[in-house]
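To start, the structure under review is shown below, and the notes come after it.
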Amino acid sequence: MTFDTTAWRHTSRQRLIAGLTFDQMYTFQTLVRAGSFRAAAAELALTQPAVSQRIRHLERLLGCTLLERRQGARSELTDAGRELLGFAEEVLARTDRFHQRLERMKELPESSTVTVVSDSDHIKHLLVGAVMIMKERAPSVRVVIKHEPSRKECTRALAEGRADIGICRYPAPSEFPTLGAIEEQMYLYARPDDEIHALPEADRISYLSQTDFATFADGMRSRQLVECWAEKVGVSLRVVLESRGLEAMRTYVTRGLALAVLPEFCVREDQRAGLLRPTAAPGLPLTRGAVILAPPDREVSRAARAFLGMLPAKIESSLSPAPRTSAPGAGGGAPAHPGVSVRRPRGGLAPGAPRAPEWNGG
25 MTFDTTAWRH
35 TSRQRLIAGL
45 TFDQMYTFQT
55 LVRAGSFRAA
65 AAELALTQPA
75 VSQRIRHLER
85 LLGCTLLERR
95 QGARSELTDA
105 GRELLGFAEE
115 VLARTDRFHQ
125 RLERMKELPE
135 SSTVTVVSDS
145 DHIKHLLVGA
155 VMIMKERAPS
165 VRVVIKHEPS
175 RKECTRALAE
185 GRADIGICRY
195 PAPSEFPTLG
205 AIEEQMYLYA
215 RPDDEIHALP
225 EADRISYLSQ
235 TDFATFADGM
245 RSRQLVECWA
255 EKVGVSLRVV
265 LESRGLEAMR
275 TYVTRGLALA
285 VLPEFCVRED
295 QRAGLLRPTA
305 APGLPLTRGA
315 VILAPPDREV
325 SRAARAFLGM
335 LPAKIESSLS
345 PAPRTSAPGA
355 GGGAPAHPGV
365 SVRRPRGGLA
375 PGAPRAPEWN
385 GG
């Protein structure tokens, strides 16, 4: 006699879908966090027997024991309990994000417009993706992106009421409220067939001094960041390209004309296509960043708040900061990274396991 395992799995899955609720998962998560049925009952405003009943129902539904109950001692999670806890935390976290986005969408006025100004390559590599998500989730909102030639022009557009959000390199002007930050890790990139990948890390510095290098235009903060790194590790860069845009630098590296230190986000497609490969070097990666600015005398619109939620950025808790009253240049100005918590990764080779950067900048 054969047993139809497919039918059994289907029945078990259907029973799980029909019986498992968010409320049960939240109760179980609270119990584990609180440490006891009594503490969980107090936090959930339930009786202790009610909490116990929910856990027993969960165990019957799942067909396994979730807690090893010990008289007079703290209960321990079983393997199944740990699996359920991980699942519950993931589901509830996604539920929170869904709820926040849904609430923002419900607040959006019909046929609203949000205008974003930027002075960098964020338009291609970050803003386009955010606009696509916005069109899918909030089609009534029209997003207008304007590429300004400098941070000065971006802030002027904000001050004159021609933009709702500005994305500019550090440092943030003191008279503009800061809504959040976008952080970028910068690595050394070369073609996969470049001999630098085969060299011991200690020999790569001397190799860098003998090969052509593409970098940012003179005067840019990212150029200063790269030059500071080169001086620190003792590299004399043979610069053959200076550019204000990442595309020219990226093209030079993919064609084998030079090496470059580039933000990871701008070369993801090249990495997936096998055109570029990061390589470890002393003092890398570097961290540069941009700030998200609001107009100095207006609250952030509901449409702008929704768009902020689509950006891969660290957003400040308040999206409607009070207008700043200080005049430009008064009071000593703002710190280099106002309101920004820079996460310093650890490690060595490539995105995912980098060595701690020694400098931060824009």
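In the working numbering, the protein residues as written are 25 to 386.
C-beta atoms are modelled at their ideal positions from N, C-alpha and C, and glycine is treated no differently.
On a predicted model such as this, the values are computed, not experimentally measured, just so you know.
With a cut-off of 8 Å on the beta carbons, I'd call Gly-153 and Ile-316 a contact; round off their distance for me. Contact doesn't hold; Cβ gap of about 15 Å is too wide.
Confirm, please, whether the CB-CB distance from Tyr-213 to Val-155 is below 9 Å. The Cβ-Cβ distance between Val-155 and Tyr-213 does not fall below 9 Å.
Less than 9 Å between the beta carbons of Thr-235 and Val-285, yes or no? Going by C-beta atoms, Thr-235 is not nearer than 9 Å to Val-285.
First and last residue of the alpha helix (DSSP H) that includes Gly-153? Taken as a continuous stretch (DSSP letters only), the alpha helix (DSSP H) holding Gly-153 covers 152–161.
Taking DSSP as the reference, what is the three-state secondary structure of Arg-78? Here Arg-78 sits in helix by DSSP.
Just checking, does the segment 313–333 make contact with the segment 186–203 on the three C-beta pairs under 8 Å criterion? Segments in contact, yes.
Under the three-state reduction of DSSP, which class applies to Cys-88: helix, strand or coil? DSSP places Cys-88 in coil when its eight states are reduced to three.
CB Thr-139 to CB Val-165, shorter than 9 Å? With contacts defined as CB atoms closer than 9 Å, Thr-139 and Val-165 fail to qualify as a contacting pair.
Which residues in the same chain have their Cβ closer than 6 Å to the Cβ of Arg-186, if we skip the five residues on either side of it in sequence? Sequence-distant Cβ neighbours of Arg-186 in its own chain, meaning closer than 6 Å and more than five residues away, do not exist here.
Does the segment 79–94 come close enough to the segment 46–55 that 3 or more CB-CB pairs lie under 8 Å? Touching, yes, given that three or more Cβ pairs across the two stretches are closer than 8 Å.
Cross-strand partners of Phe-237 (DSSP beta bridge): Listed as beta-bridge partners of Phe-237 by DSSP are Val-263, Leu-283.
So is Val-264 buried or exposed if we call it buried at 16+ other beta carbons inside 10 Å? Burial state of Val-264 is exposed, judged by a 10 Å Cβ sphere holding fewer than 16 other Cβ atoms.
Within 10 angstroms of its Cβ, does Pro-352 collect 16 or more other Cβ (buried), or is it exposed? Bear in mind that the predicted position of Pro-352 carries a pLDDT of just 31, short of 50, making it unreliable; the figure below should be weighed with that in mind. A residue is called buried when at least 16 other Cβ atoms come within 10 angstroms of its Cβ; Pro-352 does not meet this threshold and is exposed.
Strand pairing of Ser-142, partner residues [DSSP]: In the DSSP output, where bridge partners are listed per residue, Ser-142 has His-171, Ile-191.
Pull up the CB-CB distance for Val-257 and Ile-220, whole angstroms please, since I reckon it's below 8 Å. That belief does not hold up - the Cβ atoms of Val-257 and Ile-220 are roughly 14 Å apart, past 8 Å.
Name, in chain order, the residues that DSSP records as bridge partners for Tyr-213. According to DSSP, residue pairing for Tyr-213 in a beta bridge involves Ala-284, Pro-302.
Does Gly-385 come out as helix, strand or coil in the three-state DSSP assignment? Note that Gly-385 scores 33 on pLDDT, short of 50, meaning its location in the model is unreliable; the coordinates nonetheless yield the value given after this. Strand.
Leu-108 beta carbon less than 9 Å from that of Leu-90: In terms of Cβ geometry, Leu-90 and Leu-108 form a close pair [threshold 9 Å].
Lys-159 CB to nearest heavy atom of the ligand FMN below 8 Å: As far as ligands go, the structure on display features none, and thus does not contain the ligand FMN.
Buried or exposed for Pro-309, please, with buried defined as at least 16 other CB atoms from any protein chain shown within 10 angstroms of its CB. With 16 or more other Cβ atoms within 10 Å, it is buried.
Cβ of Gly-59 within 9 Å of Cβ of Arg-93? It is not a contact, given that the beta carbons lie outside the stated cut-off.
Which of helix, strand or coil does DSSP assign to Ala-314? Ala-314 falls in the strand class under three-state DSSP.
Hey, Gly-269 and Asp-145 are a contact pair by Cβ (cut 8 Å); roughly how many whole angstroms apart? Gly-269 to Asp-145, Cβ: 6 Å. Contact.
Out of Arg-296, Phe-200, Ala-272, Leu-261, point me to the one whose CA is closest to Pro-216's CA. Closest option to Pro-216, Cα to Cα, is Arg-296.
Taking Pro-336 as the reference, give the member of Arg-247, Leu-299, Ala-304, Ile-206 with the closest Cα. Selected option, being the one with the closest Cα: Ile-206.
Rounding to the nearest angstrom, what Cα-Cα distance links Ala-66 and Gln-77 in this structure? Straight-line Cα distance between these residues: approximately 15 Å.
Are Arg-279 and Asp-294 touching if we call contact CB-CB under 9 Å? Going by beta carbons, Arg-279 and Asp-294 fall outside the 9 Å limit.
As assigned by DSSP and simplified to three states, the class of Glu-199: Here Glu-199 sits in coil by DSSP.
Taking the straight line between their C-alpha atoms, what separation do you get for Arg-292 and Arg-301? Spanning the two alpha carbons is a distance of roughly 10 Å.
Within 10 angstroms of the Cβ of Ser-42, are there 16 or more other Cβ atoms? Answer buried if so, exposed if not. The sequence given here has Ala at residue 42, not Ser. Residue burial annotation: Ala-42 is exposed, with fewer than 16 other C-beta atoms found within 10 angstroms of its C-beta.
Mapping DSSP to helix, strand and coil, what is Glu-323? The three-state secondary structure of Glu-323, taken from DSSP, is coil.
Taking the alpha helix (DSSP H) that Leu-270 falls in, what are its first and last residues? That run of the alpha helix (DSSP H) goes 270–278.
Going by the DSSP bridge assignment, what does Ile-206 pair with across the sheet? DSSP lists Ala-314 as partners of Ile-206.
Is DSSP giving Gly-355 helix, strand or coil here? Caution applies to Gly-355, whose pLDDT of 34 falls short of 50 and renders its modelled position unreliable; the value that the coordinates give is listed next. If DSSP states are grouped into helix, strand and coil, Gly-355 belongs with the helices.
Hey, Thr-102 and Cys-88: beta-carbon distance below 9 Å or not? Judged by their CB atoms, Thr-102 and Cys-88 are nearer to each other than the 9 Å cut-off.
By how many angstroms is the C-alpha of Arg-121 removed from the C-alpha of Lys-338? Using only the alpha carbons, I get a separation of about 14 Å.
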